[in-house]
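Colleague: Sharing a structure with you now.
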Amino acid sequence: MTSDVRLRIALPVIILAQLFGTSLWFSINGVWLSLSSEQGFTKADLGAFTLAVQLGFIIGTLSLALTGLADRYKASMIFCISSVFGALVNTLFILAVDHFMLAWLLRLLTGLCLAGIYPMGMKLVISWVPKYAGSALSWLLAMLTLGTVLPHLMRGFTLGLGWQAPLFTASVLAVLGGITVGALGCGPHLPATAKRAALSQGLSALKIPNFRSVAGGWLSRAIGGFAVARFALISSGLLCLIYPLLTFLPPFVLLVVLMLWGITVIADSPQFSALAAQVAPADNVGSSLAVMNAVGFALTIPAIWLVSYSWPVLNEWVSWLLLPGPLLGLLALSKFNKENRHDNT
Numbered sequence: 002m003t004s005d006v007r008l009r010i011a012l013p014v015i016i017l018a019q020l021f022g023t024s025l026w027f028s029i030n031g032v033w034l035s036l037s038s039e040q041g042f043t044k045a046d047l048g049a050f051t052l053a054v055q056l057g058f059i060i061g062t063l064s065l066a067l068t069g070l071a072d073r074y075k076a077s078m079i080f081c082i083s084s085v086f087g088a089l090v091n092t093l094f095i096l097a098v099d100h101f102m103l104a105w106l107l108r109l110l111t112g113l114c115l116a117g118i119y120p121m122g123m124k125l126v127i128s129w130v131p132k133y134a135g136s137a138l139s140w141l142l143a144m145l146t147l148g149t150v151l152p153h154l155m156r157g158f159t160l161g162l163g164w165q166a167p168l169f170t171a172s173v174l175a176v177l178g179g180i181t182v183g184a185l186g187c188g189p190h191l192p193a194t195a196k197r198a199a200l201s202q203g204l205s206a207l208k209i210p211n212f213r214s215v216a217g218g219w220l221s222r223a224i225g226g227f228a229v230a231r232f233a234l235i236s237s238g239l240l241c242l243i244y245p246l247l248t249f250l251p252p253f254v255l256l257v258v259l260m261l262w263g264i265t266v267i268a269d270s271p272q273f274s275a276l277a278a279q280v281a282p283a284d285n286v287g288s289s290l291a292v293m294n295a296v297g298f299a300l301t302i303p304a305i306w307l308v309s310y311s312w313p314v315l316n317e318w319v320s321w322l323l324l325p326g327p328l329l330g331l332l333a334l335s336k337f338n339k340e341n342r343h344d345n346t
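Following the working numbering, the numbering of the sequence shown begins with 2 at its first residue and continues without gaps.
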């Protein structure tokens with residue numbers, strides 16, 4: 002395969018592989034109704050399994066950064082190996098489901114493997130199309146989101162089969178995605194391998210004065226990053242507030258509300274990742290992205306734990322427990338905006 006052909010197909014290949022690989026993330030969530038009915042699991046058990054994946058992902062991303070593995074080895078190789086091992090432990094979950102602690106450990110290992118898929122996919126995109134990093138990373142975020150709901154779609158196509166079928170299908174897809182990326186290799190715009198980086202380099206994007214103003218892609222450039230960030234925080238906060246009051250509405254209306262909620266809570270993620278990649282040393286982009294993902298996903302653990310264990314008592318009213326997030330974000334954004342204006346006068 003010539004370099005020109007590889008360049009043309011690189012982004013679609015990485016995007017599709019990301020979709021397939023991240024189907025492992027919530028693979029058991031898509032089959033939870035039949036799985037819990039058969040095994041007697043509770044909603045708290047689902048929360049425990051979900052937290053295991055998140056925890057494994059955080060441990061994995063930090064390990065990639067601290068050991069320098071994210072940059073000392075080719076991102077395509079890490080992606081491929083992580084996809085294959087992720088598929089293996091996801092399949093082993095089927096065999097270990099009768100033993101809760103072993104099943105929980107396998108979900109933790111799934112998270113560890115995902116740490117080699119999502120951040121390395123981001124690095125691969127930058128290595129191939131750095132000029133369009135923001136847009137390309139938006140595609141990756143979309144594939145991450147679609148990948149996490151793919152098990153639900155697969156369950157819809159396998160209703161006549163047991164819950165094991167969608168899980169095994171997710172494993173097959175992950176293997177296909179990993180092998181494809183392994184064959185593609187790394188792009189020419191970043192060093193394929195580099196020396197180990199200090200942890201502080203992975204957080205270098207936090208030193209940029211206006212990193213919080215980068216939000217919403219082209220919209221942020223059109224009307225200003227602060228305006229988009231503020232709008233996203235206000236919108237997500239309001240939806241968080243009013244959702245429990247809307248449960249009497251038809252399901253399709255609630256689906257639209259949840260879709261809008263999802264859009265507002267991820268408005269700045271791809272641009273923030275692109276910014277981190279831009280300011281990180283070229284030799285340490287992988288470690289930088291790994292650390293940034295570790296920090297970001299660490300914030301999801303208390304929220305998932307709180308919602309999972311409060312749901313039996315509060316039901317849909319658990320959304321009010323999430324209100325401090327957007328409120329604190331608005332407070333920080335407002336304070337930073339004032340400081341920024343003061344510095345410019």
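Every residue gets a Cβ at the ideal spot worked out from N, C-alpha and C, and that includes glycine.
Model, not experiment: these values are computed from the prediction.
Can you tell me whether Asn316 is buried or exposed, with buried defined as 16 or more other CB within 10 angstroms of its CB?
Modeller: The residue given as residue 316 occupies position 315 in the sequence shown. Asn316 comes out exposed.
Colleague: Any idea what DSSP makes of Cys187, helix, strand or coil?
Modeller: Start at 1 with the first residue of the sequence shown, and residue 187 comes out as number 186. In the structure shown, Cys187 sits in coil (DSSP, three-state: anything other than H, G, I, E or B).
Colleague: Going by other Cβ atoms of all chains shown within 10 Å of its Cβ, with 16 needed for buried, is Arg213 buried or exposed?
Modeller: Residue 213 sits at position 212 when you count from the first residue of the sequence shown. At Arg213, the pLDDT of 39 sits below 50, so the modelled position is not reliable and the matter cannot be decided from this model.
Colleague: From Ala13 to Cys241, what does the alpha carbon distance come to, in whole angstroms?
Modeller: Locating residue 13 in the sequence shown gives position 12, counting from the first residue. Locating residue 241 in the sequence shown gives position 240, counting from the first residue. The question names Ala, but residue 13 is Pro in the sequence shown. Taking the straight line from one Cα to the other gives about 34 Å.
Colleague: Just reading off the alpha helix (DSSP H) that Asn363 is part of, what are its end residues?
Modeller: For residue 363 there is no data in the structure shown, the boundaries of the chain being 2 and 346.
Colleague: State yes or no: is the C-beta of Arg156 within less than 9 Å of the C-beta of Val32?
Modeller: In the sequence shown, residue 156 corresponds to position 155, counting from 1. In the sequence shown, residue 32 corresponds to position 31, counting from 1. It is a contact, given that the beta carbons lie within the stated cut-off.
Colleague: At which residues does the alpha helix (DSSP H) containing Gly163 begin and terminate?
Modeller: Here residue 163 corresponds to residue number 162 of the sequence shown, with the count starting at 1. Gly163 -> no alpha helix (DSSP H), and no H or E assigned at all.
Colleague: I need the straight-line Cα distance from Asn211 to Gly61, nearest angstrom please.
Modeller: The sequence position of residue 211 within the sequence shown is 210, counting from 1. The sequence position of residue 61 within the sequence shown is 60, counting from 1. Below a pLDDT of 50, predicted positions are generally treated as unreliable, and Asn211, at 43, falls in that range; the measurement from the model is reported next regardless. The alpha-carbon atoms of Asn211 and Gly61 are separated by roughly 29 Å.
Colleague: Distance, Cα to Cα, Leu168 vs Leu36?
Modeller: For the purposes of this step, residue 168 is taken as residue 167 along the sequence shown, with counting starting at 1. For the purposes of this step, residue 36 is taken as residue 35 along the sequence shown, with counting starting at 1. Answer to the nearest angstrom: the Cα atoms are 11 Å apart.
Colleague: Who are the Cβ neighbours of Gln40 in its own chain at under 7 Å, not counting the five residues just before and after it?
Modeller: Taking the sequence shown and counting its residues from 1, the one referred to as residue 40 is at position 39. Val98, listed in sequence order.
Colleague: For the region 109 to 123 against the region 43 to 63, do three or more pairs of beta-carbon atoms, one drawn from each stretch, fall closer than 8 Å, so that the two count as touching?
Modeller: yes
Colleague: Whether or not the region 175 to 190 and the region 50 to 60 are in contact is what I'm after, with contact meaning three or more pairs of Cβ atoms, one per stretch, closer than 8 Å; do they touch?
Modeller: no
Colleague: Rounded to the nearest angstrom, what separates Ala76 and Leu106 at their Cα positions?
Modeller: Stepping through the sequence shown from its first residue, residue 76 is reached at position 75. Stepping through the sequence shown from its first residue, residue 106 is reached at position 105. Answer to the nearest angstrom: the Cα atoms are 25 Å apart.
Colleague: Assuming contact is defined by CB atoms lying nearer than 9 Å, are Ile16 and Val85 in contact in what I supplied?
Modeller: To locate residue 16, count along the sequence shown from 1; it is residue 15. To locate residue 85, count along the sequence shown from 1; it is residue 84. No, the pair does not count as a contact, with Cβ atoms beyond the cut-off.
Colleague: Do the CB positions of Thr265 and Ala233 come within less than 9 Å of each other?
Modeller: Counting from 1 along the sequence shown, the entry for residue 265 is found at position 264. Counting from 1 along the sequence shown, the entry for residue 233 is found at position 232. Cβ atoms of Thr265 and Ala233: closer than 9 Å.
Colleague: Do you know whose CA, among Pro327, Gly122, Lys44 and Leu239, lies nearest Ala143's CA?
Modeller: Position 142 of the sequence shown holds residue 143. Closest option to Ala143, Cα to Cα, is Gly122.
Colleague: Short of 8 Å in beta carbon distance, which residues of its chain neighbour Leu331, apart from the five on each side in sequence? Order them along the chain.
Modeller: Taking the first residue of the sequence shown as position 1, residue 331 is located at position 330. If we look at Leu331 and ignore the five residues flanking it on each side, its Cβ neighbours are Arg231, Leu234, Ile235 and Gly238.
Colleague: Could you compute how far the alpha carbon of Phe50 sits from the alpha carbon of Asp5?
Modeller: As a first step, residue 50 must be located in the sequence shown, where it is residue number 49. As a first step, residue 5 must be located in the sequence shown, where it is residue number 4. The straight-line gap separating the alpha-carbon atoms of Phe50 and Asp5 is approximately 43 Å.
Colleague: Reducing DSSP to helix, strand and coil, say where Asn130 ends up.
Modeller: By 1-based counting over the sequence shown, the position of residue 130 is 129. Per the sequence shown, the amino acid found at residue 130 is Val instead of Asn. In this structure, Val130 counts as coil in the three-state DSSP scheme.
Colleague: Taking Leu300 as part of the alpha helix (DSSP H), name the residues at either end of that continuous run.
Modeller: Position 299 of the sequence shown, counted from the first residue, corresponds to residue 300. Looking at the DSSP string, Leu300 is not in any alpha helix (DSSP H), and its letter there is neither H nor E.
Colleague: Which of the three DSSP states is assigned to Trp306 in this structure?
Modeller: Locating residue 306 in the sequence shown gives position 305, counting from the first residue. Trp306: helix per DSSP, three-state reduction.
Colleague: Let's test the definition: count the other Cβ atoms within 10 Å of the Cβ of Leu20 and tell me whether it reaches 16, buried, or not, exposed.
Modeller: Within the sequence shown, the letter at position 19 stands for residue 20. Buried, because 16 or more other Cβ atoms sit within 10 Å of the Cβ of Leu20.
Colleague: Find the nearest neighbour of Ala299 within the set Val54, Met260, Thr23 and Leu162, judged by alpha-carbon distance.
Modeller: As a position in the sequence shown, residue 299 is number 298, starting the count at 1. Checked all of Val54, Met260, Thr23 and Leu162; the closest Cα to Ala299 is Val54.
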